[in-house]
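Worksheet: the structure to be examined is printed underneath.
Residue numbers (this note's numbering), protein chains in the order written: chain X, 183 to 402; chain S, 851 to 1205.
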């Protein structure tokens, strides 16, 4: 596959990811989804992608007190808003912990334009798997509620790693022999229950989020 | 299971992960199920976990609506947002709950005092405009408590099914009765219905699709999971002697151990392959013989309470139970139940067979 083709496919995957996340959020009753929560779900979709054997899109990002924020993802969001696929509400500005002003908004899908995108992707096996995966990530995280999603990264095995300071880079690429810490914990659920019970990849993701919830409650 | 090893992942002790996995076993196992089945599973899980946390703690009924947002007739200030609705820690009774397909979080609207049944149905279908939303009514005041599923909403009160809350014995008769219903609805003539039910490559020539067994297995799994939402119906589980097809599991609420109610081994009998190559009687007999053995071995390996060999006969031959000739005594000795369901390429072929 040529570099240009790879880049196009990567671009399609990135935009499809956002559409799929917001479609699942709609079904779960989470829309309009605030920017912070959208970025957090995008982060977890990357961090746990190895559990399903999927590729990570944004492997490195700065650790911030507000939680994961990806400029690349925001660029994709802005482009989809520009095309009318996403709709924006509650636009405003807020000052973050570093004293920087940032644009806040809530996002929803314009289903009239978004549904054909999803329908076109479904017949392709690799995209279909990705859509299924993203739906499960959103459904699992929906249990945290909107506020909980905003706080979830603090308890995450990778982003919440206390050895990583704010302003440092969180790298979820993992090493050649093993995935990142978040995916490892999710996979560990399967190892602990085997061989008597063969957990599916979806179960590992749901259990990981359940574990995050327990930790967030303890932290409170 | 793997022995606890607290050093596996720093900061994430195995003991803690195991406790979470045991407490929420089955969470996400329904990821490939239709949303209406996931909704039912989610409601049962929420009620079941609530009962575990505080037996008898629920005094008032609750209604769960399969829509994650409240109607505009309910003011936003009157709604309470409840994350992780299924932890069992929060009171469910006395509320209308608006939930998504997996029933993780919910919006609650408190009904105080709780209306009579007649008023409840009138208000839901009238002022609230929720009459056509699929709903489940939890009634804790009956003995035992009951769950009633209204798949077409309260506006169709006669379209209702009582849903088992779990914790009861599920014997093979109940399991096979569910398969009878699924067979009559989706498999018998296999026309129309979901894409998964397309079982024929060429109906007129009696050629089944190559993955007929997987498609039948999925349809049965959906039916069984919908009928027994407190359980986890697992498929294609790896065993040392091969892979078993379907197993119905449930966590024993009192002991925390896993109950394996039933194990089902599925076989599809064919006259032809998907491309028209002939399948011999000897091949079909061998499959049945192997199925009896697998149903017994997997059951014993897994500690399942019962097992059955479920054959789906797609052959041109007239329907009957001759496929079990030669294995009946072995099956009886091994305590494997034998059942066969016939699948016809057309409704006309079905009617001809009944004549």
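A virtual CB, placed ideally from N, CA and C, is assigned to each residue, including glycine.
Pull up the DSSP beta-bridge partners for residue 1000/S, would you. Note: residue 1000/S sits in a beta bridge opposite 985/S.
Only counting runs of 4 or more residues, tell me where the alpha helix (DSSP H) segments fall wholly within the region 264-309 of chain X, in order along the chain. Segments of the alpha helix (DSSP H) lying fully in the region 264-309 of chain X: 293-303.
Select from 363/X, 279/X and 280/X the residue whose C-alpha is nearest the C-alpha of residue 861/S. Here the closest residue by C-alpha is 363/X.
Residues of the region 365-390 of chain X with a CB closer than 8 Å to any CB of chain S: list them in chain order, please. Those would be 366, 367, 370, 371, 373, 374, 375, 376, 377, 378, 379, 380, 381, 382, 384, 385, 386, 387, 388 and 389, in chain order.
For residue 914/S, count neighbouring Cβ atoms within 10 angstroms of its own Cβ and tell me buried if that reaches 16, exposed if not. Burial call: buried.
Residue 209/X at chain S interface by Cβ criterion, 8 Å: Yes, its Cβ sits closer than 8 Å to a Cβ of chain S.
Just confirm the distance between the C-beta atoms of residue 325/X and residue 387/X, as a whole number of angstroms; I'd bet it's less than 8 Å. Wrong, their Cβ atoms sit about 12 Å apart, outside the cutoff.
Output needed in chain order: residues of the region 872-884 of chain S with a Cβ under 9 Å from some Cβ in chain X. So the close ones are 872, 873, 874, 875, 876, 877, 878, 879, 880, 881 and 882.
For residue 1161/S: DSSP bridge partner residues: According to DSSP, residue 1161/S bridges with 1117/S and 1190/S.
Check the DSSP bridge columns for residue 1110/S and list the partner residues they point to. Note: residue 1110/S sits in a beta bridge opposite 1099/S.
Quick one, are the C-beta atoms of residue 1119/S and residue 1161/S less than 8 Å apart? Going by C-beta atoms, residue 1119/S is nearer than 8 Å to residue 1161/S.
Which residues does DSSP list as the beta-bridge partners of residue 943/S? Residue 943/S is not bridged to any residue.
Verify the CB distance criterion: does residue 287/X have a CB-CB separation below 8 Å to chain S? Closer than 8 Å: no.
Taking only beta-carbon positions, decide if residue 797/S is within less than 8 Å of chain X. Not covered by the structure: residue 797/S. The range shown for chain S is 851 to 1205.
Boundaries (first-last residue) of the beta strand (DSSP E) holding residue 244/X: Boundaries of the beta strand (DSSP E) harbouring residue 244/X: 242-244, taken from the DSSP string.
Please confirm whether residue 395/X has its beta-carbon closer than 8 Å to some beta-carbon of chain S. Chain S contact via Cβ: present.
Nearest candidate by alpha-carbon position, reference residue 351/X, set 235/X, 247/X, 205/X and 195/X: It is 247/X.
Suppose you measure from the CA of residue 886/S to the CA of residue 1004/S; what does that come to, to the nearest Å? The alpha-carbon atoms of residue 886/S and residue 1004/S are separated by roughly 16 Å.
Taking a Cβ distance cut-off of 9 Å, strictly less, list which residues of the region 310-336 of chain X are near chain S, in chain order. Cβ contacts with chain S come from 314, 317, 318, 321, 322, 323, 324, 325, 326, 327, 328, 329 and 330.
How many angstroms separate the CA atom of residue 1021/S from the CA atom of residue 1111/S? Each residue's alpha carbon lies about 7 Å from the other.
Contact set between residue 864/S and chain X, taken where Cβ atoms lie within less than 8 Å: 370 and 374, listed in chain order.
Under the three-state reduction of DSSP, which class applies to residue 359/X: helix, strand or coil? Of the three classes helix, strand and coil, the one that applies to residue 359/X here is coil, per DSSP.
Given that a residue counts as buried once 16 or more other Cβ atoms are within 10 Å of its Cβ, and exposed if not, what is residue 289/X? By the neighbour-count criterion, in which a residue is buried when 16 or more other Cβ atoms sit within 10 angstroms of its Cβ, residue 289/X is buried.
Local Cβ density within 10 Å of residue 1207/S, reported as buried at 16 or more and exposed below that: Nothing about residue 1207/S can be read from this structure; chain S reaches only from 851 to 1205.
Under the three-state reduction of DSSP, which class applies to residue 932/S: helix, strand or coil? Collapsing the DSSP output to three states places residue 932/S in a strand.
If we count the other Cβ atoms within 10 Å of its Cβ and call it buried at 16 or more, is residue 984/S buried or exposed? Counting Cβ neighbours within 10 Å, residue 984/S comes out buried, since at least 16 surround it.
Which of the residues in the region 929-945 of chain S, read from start to end, lie with their CB under 9 Å from any CB of chain X? Within the region 929-945 of chain S, those residues whose Cβ lies closer than 9 Å to any Cβ of chain X are, in chain order, 931, 932, 933, 934, 935, 936 and 937.
Does residue 374/X pass the burial test, meaning 16 or more other C-beta atoms within 10 Å, or should it be called exposed? Label assigned to residue 374/X: buried.
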